[in-house]
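*Asks:*
There are 6 protein chains.
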Amino acid sequence: MNKLISFLFNLIPSQVVYAHCDVPCGIYDPKPAQIAAATVLKMVQKLKEYPEDDLNNRVRAIWTKEEHARKCKEEILILWTDYFKEEHLEKFPDLHEKFWKTAKLCSENKQHVDEEKAQELVKAVDEIAQMFADSKK
Amino acid sequence: MNKLISFLFNLIPSQVVYAHCDVPCGIYDPKPAQIAAATVLKMVQKLKEYPEDDLNNRVRAIWTKEEHARKCKEEILILWTDYFKEEHLEKFPDLHEKFWKTAKLCSENKQHVDEEKAQELVKAVDEIAQMFADSKK
Amino acid sequence: MNKLISFLFNLIPSQVVYAHCDVPCGIYDPKPAQIAAATVLKMVQKLKEYPEDDLNNRVRAIWTKEEHARKCKEEILILWTDYFKEEHLEKFPDLHEKFWKTAKLCSENKQHVDEEKAQELVKAVDEIAQMFADSKK
Amino acid sequence: MNKLISFLFNLIPSQVVYAHCDVPCGIYDPKPAQIAAATVLKMVQKLKEYPEDDLNNRVRAIWTKEEHARKCKEEILILWTDYFKEEHLEKFPDLHEKFWKTAKLCSENKQHVDEEKAQELVKAVDEIAQMFADSKK
Amino acid sequence: MNKLISFLFNLIPSQVVYAHCDVPCGIYDPKPAQIAAATVLKMVQKLKEYPEDDLNNRVRAIWTKEEHARKCKEEILILWTDYFKEEHLEKFPDLHEKFWKTAKLCSENKQHVDEEKAQELVKAVDEIAQMFADSKK
Amino acid sequence: MNKLISFLFNLIPSQVVYAHCDVPCGIYDPKPAQIAAATVLKMVQKLKEYPEDDLNNRVRAIWTKEEHARKCKEEILILWTDYFKEEHLEKFPDLHEKFWKTAKLCSENKQHVDEEKAQELVKAVDEIAQMFADSKK
Numbered sequence: 040m041n042k043l044i045s046f047l048f049n050l051i052p053s054q055v056v057y058a059h060c061d062v063p064c065g066i067y068d069p070k071p072a073q074i075a076a077a078t079v080l081k082m083v084q085k086l087k088e089y090p091e092d093d094l095n096n097r098v099r100a101i102w103t104k105e106e107h108a109r110k111c112k113e114e115i116l117i118l119w120t121d122y123f124k125e126e127h128l129e130k131f132p133d134l135h136e137k138f139w140k141t142a143k144l145c146s147e148n149k150q151h152v153d154e155e156k157a158q159e160l161v162k163a164v165d166e167i168a169q170m171f172a173d174s175k176k
Numbered sequence: 040m041n042k043l044i045s046f047l048f049n050l051i052p053s054q055v056v057y058a059h060c061d062v063p064c065g066i067y068d069p070k071p072a073q074i075a076a077a078t079v080l081k082m083v084q085k086l087k088e089y090p091e092d093d094l095n096n097r098v099r100a101i102w103t104k105e106e107h108a109r110k111c112k113e114e115i116l117i118l119w120t121d122y123f124k125e126e127h128l129e130k131f132p133d134l135h136e137k138f139w140k141t142a143k144l145c146s147e148n149k150q151h152v153d154e155e156k157a158q159e160l161v162k163a164v165d166e167i168a169q170m171f172a173d174s175k176k
Numbered sequence: 040m041n042k043l044i045s046f047l048f049n050l051i052p053s054q055v056v057y058a059h060c061d062v063p064c065g066i067y068d069p070k071p072a073q074i075a076a077a078t079v080l081k082m083v084q085k086l087k088e089y090p091e092d093d094l095n096n097r098v099r100a101i102w103t104k105e106e107h108a109r110k111c112k113e114e115i116l117i118l119w120t121d122y123f124k125e126e127h128l129e130k131f132p133d134l135h136e137k138f139w140k141t142a143k144l145c146s147e148n149k150q151h152v153d154e155e156k157a158q159e160l161v162k163a164v165d166e167i168a169q170m171f172a173d174s175k176k
Numbered sequence: 040m041n042k043l044i045s046f047l048f049n050l051i052p053s054q055v056v057y058a059h060c061d062v063p064c065g066i067y068d069p070k071p072a073q074i075a076a077a078t079v080l081k082m083v084q085k086l087k088e089y090p091e092d093d094l095n096n097r098v099r100a101i102w103t104k105e106e107h108a109r110k111c112k113e114e115i116l117i118l119w120t121d122y123f124k125e126e127h128l129e130k131f132p133d134l135h136e137k138f139w140k141t142a143k144l145c146s147e148n149k150q151h152v153d154e155e156k157a158q159e160l161v162k163a164v165d166e167i168a169q170m171f172a173d174s175k176k
Numbered sequence: 040m041n042k043l044i045s046f047l048f049n050l051i052p053s054q055v056v057y058a059h060c061d062v063p064c065g066i067y068d069p070k071p072a073q074i075a076a077a078t079v080l081k082m083v084q085k086l087k088e089y090p091e092d093d094l095n096n097r098v099r100a101i102w103t104k105e106e107h108a109r110k111c112k113e114e115i116l117i118l119w120t121d122y123f124k125e126e127h128l129e130k131f132p133d134l135h136e137k138f139w140k141t142a143k144l145c146s147e148n149k150q151h152v153d154e155e156k157a158q159e160l161v162k163a164v165d166e167i168a169q170m171f172a173d174s175k176k
Numbered sequence: 040m041n042k043l044i045s046f047l048f049n050l051i052p053s054q055v056v057y058a059h060c061d062v063p064c065g066i067y068d069p070k071p072a073q074i075a076a077a078t079v080l081k082m083v084q085k086l087k088e089y090p091e092d093d094l095n096n097r098v099r100a101i102w103t104k105e106e107h108a109r110k111c112k113e114e115i116l117i118l119w120t121d122y123f124k125e126e127h128l129e130k131f132p133d134l135h136e137k138f139w140k141t142a143k144l145c146s147e148n149k150q151h152v153d154e155e156k157a158q159e160l161v162k163a164v165d166e167i168a169q170m171f172a173d174s175k176k
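Residue numbers (the working numbering), protein chains in the order written: chain X, 40 to 176; chain H, 40 to 176; chain U, 40 to 176; chain P, 40 to 176; chain F, 40 to 176; chain R, 40 to 176.
1) With N148(H) and K137(H) assumed to form a contact (beta carbons below 8 angstroms), what rounded beta-carbon distance in angstroms separates them?
2) Taking C-beta to C-beta, are V83(U) and V152(U) nearer than 7 angstroms?
3) In terms of alpha-carbon separation, which member of E105(U), R109(U), F123(U), K143(U) lies closest to S146(P)?
4) Since I167(H) and L118(H) are thought to touch, with beta carbons under 8 angstroms apart, how far apart are those beta carbons, to the nearest angstrom?
5) Using the beta-carbon count (16 or more within 10 Å), is K112(U) buried or exposed?
6) Between K130(H) and A172(H), what straight-line distance do the alpha-carbon atoms span, to the nearest angstrom?
7) Please classify P90(F) as buried or exposed, where buried requires at least 16 other C-beta atoms within 10 Å of its C-beta.
8) Below 7 angstroms on C-beta distance, what does D121(X) contact in chain H?
9) Measure from the C-beta of I115(X) to each C-beta in chain R and report whether the shortest distance is under 7 angstroms.
10) Step through the CB atoms of chain F and report whether any lies within less than 7 angstroms of the CB of K156(U).
11) Distance, Cα to Cα, Q169(U) vs D68(R)?
12) Determine the burial state of P71(P): buried for a count of at least 16 other Cβ atoms within 10 Å of its Cβ, exposed for fewer.
13) Using CA atoms only, rank isn't needed, just tell me which of P132(H), H127(H), T120(H), D121(H) is closest to K176(H).
14) If I follow the unbroken alpha helix (DSSP H) through I117(X), where does it start and stop?
15) Against chain F, with Cβ distances strictly below 7 angstroms, would H135(R) count as a contact?
16) Looking at chain U, is there any beta carbon in it that lies within less than 7 angstroms of the beta carbon of I66(H)?
17) For the alpha helix (DSSP H) holding T213(R), just list the boundary residues, first then last.
18) Among K140(U), I74(U), I66(U), D121(U), whose alpha-carbon lies nearest the alpha-carbon of K26(U)?
19) Pick helix, strand or coil for F123(P), following the three-state DSSP scheme.
20) Mind checking if A72(X) is an interface residue toward chain H, Cβ cutoff 7 angstroms exclusive?
21) Quick one: grab the DSSP three-state call for L128(R).
22) Mind checking if T78(H) is an interface residue toward chain U, Cβ cutoff 7 angstroms exclusive?
23) List the residues of chain C whose Cβ lies closer than 9 angstroms to the Cβ of K143(P), in chain order.
24) Starting from the C-beta of A108(H), find all residues in its chain whose C-beta is less than 7 angstroms away, skip the five residues before and the five after it, and write them out in chain order.
25) Does M40(R) come within less than 7 angstroms of chain X when only Cβ atoms are used?
26) By how many angstroms is the C-alpha of K140(H) removed from the C-alpha of A100(H)?
27) Pop quiz: A142(R) and T120(F) are said to be a contact at Cβ under 8 angstroms. What is the actual Cβ separation, rounded to whole angstroms?
28) Determine the direct distance from the alpha carbon of W102(X) to that of V98(F), and round the result to whole angstroms.
29) For K161(H) and chain P, any beta-carbon pair shorter than 7 angstroms?
30) Quick one: is I66(U) buried, meaning 16 or more other Cβ sit within 10 Å of its Cβ, or exposed?
31) Could you list which residues in chain P have their beta carbon closer than 7 angstroms to that of E166(R), in chain order?
32) With 16 other CB atoms within 10 Å as the buried threshold, where does E114(X) fall?
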């Protein structure tokens, strides 16, 4: 499983431009969203491994999944509302659709413990990171 | 000024269906976003009234404006990501555009102390509330 | 169940005066407390419906109940400590008693999964909303 | 000034019974409220000392005052809503009045930079601590 | 069990100097860390008492344990990073080691439901409180 | 200035192993601490650029500096308390000293608006990132 995570992170393109608060500071980064998505996936995997009666760690993994699905949604919506602007719409005509569906995937991962859905989320956030990288070209 | 607020709130259509967490609980409501937008407007007005040297209350009003602009954004994005679904897109073809621009208005109201922009935000959130009401018909 | 919620919300009197921060902004509203109480009730109902082995959603409903019982208490205490003033005590001699008991009901709803207690809370918060409305007359 | 703080803290009666969450854990303590009140007072004093043009530290002191006035209110309301019970009302007939006025003092200390009001708050919270100690006898 | 808690609290040395924010306000106190550690212990004990099928209270106790283990770590790290200074290193050559191990104990208490580990944490935080008291001499 | 930021980020070594919650999930990353330190620096620079009378943005920059100095401290302390273990002490004999001083730099950057101190913080966090990278070899 750690290999899977490592493999996924190796696919993440490195960014050197950042912007994340509304000051605006011009510091944006898709990586926190990617870390959050990877955490959701890891928690789903942990929930399969923990014995039925380890309530302490099952509850903690459910809560960590919830919190990071929330954080993932929050982080991608910062990119959507603050970083992407009118001028990007021509280059990325599916911009709104892409973010909307990824945000909905975050909610679905809260409601389910489903490795396939978690991997879909990791992939969707990677595509957003790629879109972000392409916008710099 | 209080009359303006009262007048604005009188225009708010009453809702009886609610949904606001990802349980999902089916309890949605545009009113918290409307209260937050009204608070942003009120803070801009307060900032004009406070004497130059009342740093305590100027700082508090700036911070309350910041916090409620953030909350306003958060609340409308809950409606956009969780309440509105594929089937609403036909009825509201400008759904994504509407929410995107309103979210950007929240950020602009953080960066400025500008009554016109604050009133634009109040109006934009009211239009979202109307869209929400229309979706029930 | 949704009918019950709708029915309860239909009973909520509409308010047009608001006050919720300590600026003070003069924007008060009992509705957030009412939404929180309705959410507590909904979670208790959800907890009866979820299958025994759906730990993910049972834990999430318990946590949402906890969080909204906390929020309900917070919201009514804003009304008690900030909105109601010396001059209201004559009109509402049981003001303190009313808020104290409702706050205690919030704690009880954290400690139990009990539909009757949740409905008591919804009713108690509605009475506070009525008291708030009467104070405007 | 530090002597004043030391003096005030020396007056604080030591408690050995605690209760602060709604589990309930039976761990209550008036000390966090007392620390918060002392911090409000300290910030008012700092605001007098900082030079006019040290905006960084003036803003930080205003914000710390705000946050600790909020925390002070939160902490005393935990005692009022969770610790004190029906059976204490006979012994402390002014229980509700006492907490209500102290909570209002927290709000006043947010709105003003006034050493007298801050000292009133410290004193009011000490009286609550004494009431708490007396309830154990 | 309540006797154990009382006994532990009786051992806590009283402090009259405090410092807890980065203003800096000079108000420090090891007591919040001690209250948090005692709460972790209490939750472990509660988890043994609750019947297997009381999911509501088991989940709440797990979450309270998590939150107070986090708070305990946060509070002792405030002492380590803000209160203790270069000049204390000579008097307490094991300062870093002591805080590092206690912080790790907080994490271990999140991951386990183990009364022995909880008591180790209570003891470690008491030793930090003693170190704090000795630094005043 | 943006060139400086870009330059600094180019120096950041890429990591492929992560760990940041106490589950433990094994997902650690020094990058959030580096982003936070860069934000502190950016805010200090913004505070020099904003006109004297732009209170809105000066207050917001002070608050963003405060919040990211806090976050920077929180993030590096996660690495110190959770990632680094007994076995790393031999390889990094100055481990504790390094983290202690960097944490203190976070507090100093809260208390001052000083570009030199902000650059020191960026450099110190980069050295921690390097130490983290070296620990993987």
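Glycine residues also receive a C-beta, built at the ideal position from the N, C-alpha and C atoms.
*Replies:* Once the coordinates are examined:
1) 17 angstroms between Cβ atoms; not a contact.
2) yes
3) F123(U)
4) 7 angstroms
5) buried
6) 13 angstroms
7) exposed
8) S146
9) no
10) no
11) 52 angstroms
12) buried
13) H127(H)
14) 94 to 117
15) yes
16) yes
17) There is simply no residue 213(R) to check, as chain R begins at 40 and stops at 176 in what is shown.
18) Because chain U in this structure spans residues 40 to 176, residue 26(U) falls outside the shown range and cannot be described.
19) coil
20) no
21) helix
22) yes
23) Reference to chain C is not applicable here, since the protein chains of this structure are X, H, U, P, F and R.
24) V79, C145, N148, K149
25) Confidence at M40(R) is low in this model, with a pLDDT of 31, below 50, so the placement of that residue should be treated as unreliable; the coordinate-derived value is given next. M40(R) does not count as touching chain X.
26) 24 angstroms
27) 4 angstroms
28) 11 angstroms
29) The sequence shown places Val at residue 161(H), not Lys. No, V161(H) does not count as interfacial toward chain P.
30) buried
31) Simply none; closest approach about 26 angstroms.
32) buried
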